[in-house]
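Just so you know, the protein sequences line up as chains A and B, in that order.
Its first residue numbered 1, the first sequence is counted upward by one per residue in UniProt numbering.
Its first residue numbered 1, the second sequence is counted upward by one per residue in UniProt numbering.
2 protein chains.
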Amino acid sequence: MSQNLPLHTQLYDAMIQRIRSGAWKEGDRVPSEKSLVAEFGTSRGPVRQALASLRAEGMIVGGRGAPPRVQRTVPAQSFDTFLSFTEWARSIDRSPGQRVIEASRRPATEEIARELGIAPDEAVVEVIRLRLLDGEPAMIERSVHPFWVGRHLLAADLDGGSIYQTLLALHIAPVRARHVIDAVAAHPLDAEWLGVAAGSPLLRARRVTRDEHGGVIESADDRYLPSMTTFVIENTAEHRIPLTREPA
Amino acid sequence: MSQNLPLHTQLYDAMIQRIRSGAWKEGDRVPSEKSLVAEFGTSRGPVRQALASLRAEGMIVGGRGAPPRVQRTVPAQSFDTFLSFTEWARSIDRSPGQRVIEASRRPATEEIARELGIAPDEAVVEVIRLRLLDGEPAMIERSVHPFWVGRHLLAADLDGGSIYQTLLALHIAPVRARHVIDAVAAHPLDAEWLGVAAGSPLLRARRVTRDEHGGVIESADDRYLPSMTTFVIENTAEHRIPLTREPA
DNA sequence: GCAGCGAAGTTGTCATGACTTCTTTCATCG
DNA sequence: CGATGAAAGAAGTCATGACAACTTCGCTGC
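Given below as structure tokens:
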């Protein structure tokens, strides 16, 4: 499969494989570093680096004199999966669906210009979509893109494909995102699309996605039906994660 | 201050200090590993380990041929700060407050028994508190503890101290937590305490906290006023974090 | 003045060896 | 038979040395 990857990456992949395949079961002790070194024929460095990666994801815990144990067999969702509704739905074996409510080009308001890091009145492209999970409404996604990104979307087949996939094909790759999560009451229009009463509580995730140079690719406002979707975060005393509780 | 800590920990602390003090400014290049090695008089290992920790927290980015840059000067909130309302409020320079609405001992319902990993009808202690930020209502916290934990709380000065601090003093230390985040409509009672209309959207975080042995210390249901508090998460393509979007 | 190229510097990766600290296990003693 | 303690095993920590891959910057030629 992959021959030119660093050793520690190959080891990591091999270990993930064993955990997923059940060769290393949940609660099991992982083989000792010494035996792993012997098996893979490397030095201790790469082995420890691979184990450290697993540990950082919470796949294994413990150690300090004793071999670590397998903690979780389900890995944290990758960046892709967390950013793309389509990828996510597929990863949990649900069929994604969507209805484009609006796709328009317009000048940026002052607020949007600030969020996207562009000048006011520069053109932006706004896409509003209703997202479905197994045919049922799950969330409303409102995303605003600067024109250099958005122009590709106006031309694309929004009903069929995923925005994320479309952009990837154009080598516009998101590498960093910041999510602000809170709750809002459903606007009458949102409520109609989602099939709930106006004023119902919705879980809102506002997202700013950036490319490798720090340029903003999109500013999105996702409103989930809490009965369909939740966010789950795990936290340990050892590992700080980029999660903060902030005053509004 | 600390003399017996591992070298890489000391280096990490020193670097954090420099970032916070502004010696290393945001956007700056971090000194090269070679110069850090020379300055601290260690080998490259501990230096790289310290840098790796900073990187895992998103404090520095880049590298690969070029010295890394300082990305963020505000560290991710520590486990303590994220778990304890009191600690959190203090860390953002707001004064925490609270009113105990209820503190009671009762037999566990089936659902609560399952969450806490105890037998149904075993005793549990439930504490319901209104939490204030600068005197204003910010959230309602409902926490349920197994009796071996809760009995200390019934005896403690709940109005004055923090549950977290109380438990720490008893060597009951949370080390792992799982948060499920969604949105709910305010119950009439909650609404009254929080000073909003019944049915208003609230940001709900359900939390299960465990000790080092995996035993459940508390199962909590926090309901935040979205106008007072939000959760912020940062995500990069390189680092997976224990964050998932899940179907409800 | 600008583009392209090459050298130097820096980080990524890996091996080896050694010591410390903690856990586990097992044998021994009460 | 249980508790205690010693020994063995394992992970944590650190140093040293080396090479590869990448970035940056200055120099040269156009």
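Beta carbons are placed, not taken as given, at the ideal position from N, Cα and C, and that holds for glycine.
Source: prediction; values computed, not measured.
Thinking C-beta only, is residue j closer than 7 Å to residue i?
i, j, result
"GLU110/B", "PRO120/B", "yes"
"ALA183/B", "LEU203/A", "yes"
"PRO46/A", "LEU11/A", "yes"
"ALA138/B", "ARG129/B", "no"
"ARG210/B", "ASP221/B", "no"
"GLY58/B", "PRO242/A", "yes"
"ALA248/A", "THR236/B", "no"
"GLN165/B", "THR244/A", "no"
"SER143/B", "GLU87/B", "no"
"PRO146/B", "VAL124/B", "yes"
"ASP28/B", "VAL61/B", "no"
"VAL196/A", "GLU246/B", "no"
"ARG151/B", "ASP190/B", "no"
"ASP157/B", "SER95/B", "no"
Let's test the definition: count the other Cβ atoms within 10 Å of the Cβ of residue i and tell me whether it reaches 16, buried, or not, exposed.
i, result
"residue 249/A", "Nothing can be reported for residue 249/A: it is not among the residues displayed for chain A, which extend from 1 to 248."
"ARG240/A", "buried"
"VAL127/B", "buried"
"ALA66/A", "exposed"
"GLN17/A", "exposed"
"GLU26/A", "exposed"
"LEU5/A", "exposed"
"LEU167/B", "buried"
"GLU136/B", "exposed"
"VAL30/A", "buried"
"PRO107/B", "exposed"
"LEU170/B", "exposed"
"ARG114/B", "exposed"
"SER2/A", "Low confidence applies here, because SER2/A scores a pLDDT of 42, under 50, leaving its location unreliable; read the following figure in that light. Under this definition SER2/A is an exposed residue."
"ALA89/B", "buried"
If you run the structure through DSSP and keep just helix, strand and coil, what is residue i?
i, result
"THR109/A", "coil"
"LEU36/B", "helix"
"SER91/A", "helix"
"ASP221/A", "strand"
"ASP211/A", "coil"
"MET1/A", "Reliability of the predicted coordinates at MET1/A is poor, the pLDDT of 45 falling under 50, and the value obtained from them is presented with this limitation in mind. If DSSP states are grouped into helix, strand and coil, MET1/A belongs with coil."
"THR229/A", "strand"
Determine the direct distance from the alpha carbon of residue j to that of residue i, and round the result to whole angstroms.
i, j, result
"SER53/A", "GLU234/A", "16 Å"
"ALA185/B", "VAL216/A", "33 Å"
"ARG148/A", "GLU122/A", "Checking the sequence, you will find Trp at residue 148/A rather than Arg. So the two alpha carbons sit approximately 11 Å from each other."
"ASP159/A", "ALA177/A", "24 Å"
"ALA50/A", "GLU39/A", "14 Å"
"ARG44/B", "LEU194/A", "56 Å"
"VAL208/A", "LEU83/A", "11 Å"
"PRO201/B", "ILE163/B", "27 Å"
"LEU154/A", "GLY63/B", "36 Å"
"ALA173/B", "GLU33/B", "36 Å"
"TRP24/A", "ALA56/A", "18 Å"
"ARG20/B", "THR9/B", "16 Å"
"ARG105/B", "GLY117/A", "54 Å"
"GLU192/B", "GLU141/B", "14 Å"
"ARG99/A", "SER227/A", "20 Å"
"VAL175/B", "ALA103/A", "47 Å"
"ALA198/A", "ILE101/B", "31 Å"
"THR81/A", "MET15/B", "33 Å"
"ARG238/A", "PHE79/B", "It is Glu, not Arg, that sits at residue 238/A in the sequence shown. One C-alpha to the other measures close to 8 Å."
"ASP93/B", "VAL74/B", "14 Å"
Would you say the beta carbon of residue i is closer than 6 Å to some non-hydrogen atom of the ligand MN?
i, result
"GLU115/B", "The ligand MN is not part of the structure shown, which contains no ligands of any sort."
Runs of alpha helix (DSSP H) wholly within the segment 115-198 of chain A (minimum 4 residues, chain order): 147-155, 163-169 and 188-194
Within the UniProt domain "HTH gntR-type" (5-73) of chain A, note down every full alpha helix (DSSP H) run reaching 4 residues or more, in order along the chain. 7-21, 33-40 and 44-56
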